[in-house]
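Asker: Chains as they are written, first to last, in this note's numbering: chain A, 1 to 115; chain B, 1 to 111. C-beta atoms are modelled at their ideal positions from N, C-alpha and C, and glycine is treated no differently. Keep in mind the model is a prediction, meaning the values are calculated, not measured. Sharing a structure, written as structure tokens. Questions coming.
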Amino acid sequence: GENVEQHPSTLSVQEGDSAVIKCTYSDSASNYFPWYKQELGKRPQLIIDIRSNVGEKKDQRIAVTLNKTAKHFSLHITETQPEDSAVYFCAARFAGGTSYGKLTFGQGTILTVHP
Amino acid sequence: AAGVIQSPRHLIKEKRETATLKCYPIPRHDTVYWYQQGPGQDPQFLISFYEKMQSDKGSIPDRFSAQQFSDYHSELNMSSLELGDSALYFCASSPNKETQYFGPGTRLLVL
């Protein structure tokens, strides 16, 4: 089955710095890669996603890059703010067989932005 | 905009009891997914439904069952509850079997 590895598990940055979180996936049939932000006890919130036919996508301070050959994708947050502090999950959607889009998540990254 | 609704938000049960969790997807979303998230863990896929039919099955125990009704709401039934079933249970819905929007979750505590 699909496996997603996420690094680092914790990331601490100063306000205004950039943060990068990386994920690798195992199944080349995966074709959709969302990123979720989750605050303690709250729901995962979709912040950005990318499809396998696109190499990069940007939304204000957030960007995601995808390298299909290497099977890895990354989240980039620029000009970090304390409110960016949360757990970030990457995920991959397996598109093969009779799959209806179930997501496999990475292990999560606890991002802390210090004022 | 309407969001995914889950009920109840909190549930406390004893071991060996049963629990029923409900999920109301965003209107016109035809696919519902259930995930279990333990403390400090990533969400784990349990089961999904597309147009009221079970579409995918993940690491769902045999003690659990689920269905989707004609109005597209879904229920997750959990029997013979164990301490290890204590977790956050999320429902997500999708209009295209791709983008998934999560509900607020049900926090289940088994004593």
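I want to verify the contact list: residues of chain A whose CB lies under 7 angstroms from the CB of B/Thr31, in sequence order.
Answerer: Chain A residues near B/Thr31: Tyr100 and Gly101.
Asker: For A/Thr69, which option in A/Gln14, A/Ser26, A/Thr78 and A/His7 has the closest C-alpha, if you only look at C-alpha atoms?
Answerer: The shortest Cα separation from A/Thr69 among A/Gln14, A/Ser26, A/Thr78 and A/His7 belongs to A/Ser26.
Asker: Suppose you measure from the CA of B/Phe64 to the CA of A/Gln14; what does that come to, to the nearest Å?
Answerer: Their Cα atoms are separated by approximately 44 angstroms.
Asker: Relative to the alpha-carbon of A/Asp49, which residue among A/Glu39, A/Tyr32, A/Gln81 and A/Gly41 has its alpha-carbon at the smallest distance?
Answerer: That would be A/Tyr32, whose Cα lies nearest to the Cα of A/Asp49.
Asker: Does any residue of chain D have a CB that is nearer than 8 angstroms to the CB of A/Pro115?
Answerer: Absent here is chain D; the protein component of the structure consists of chains A and B.
Asker: I'd like to check one pair, B/Val4 with B/Ala87: are the Cβ atoms closer than 8 angstroms?
Answerer: Going by C-beta atoms, B/Ala87 is not nearer than 8 angstroms to B/Val4.
Asker: With a CB to CB cut of under 6 angstroms and the five nearest residues on each side skipped, what residues in its chain are close to B/Leu76?
Answerer: Leu21, Trp34 and Ala66.
Asker: Answer yes or no: do A/Trp35 and A/Leu75 have a C-beta to C-beta separation smaller than 8 angstroms?
Answerer: Going by C-beta atoms, A/Trp35 is nearer than 8 angstroms to A/Leu75.
Asker: Quick one: any contact between the region 41-48 of chain B and the region 9-27 of chain B, if contact means 3 or more CB pairs under 8 angstroms?
Answerer: Contact between the region 41-48 of chain B and the region 9-27 of chain B is absent, because fewer than three Cβ pairs lie under 8 angstroms.
Asker: Apart from the five residues just before and just after A/Asp84, which ones in its own chain have a Cβ nearer than 7 angstroms to its Cβ?
Answerer: Closer than 7 angstroms at the Cβ level, and outside the excluded window around A/Asp84, lie Ile77, Leu111 and Val113.
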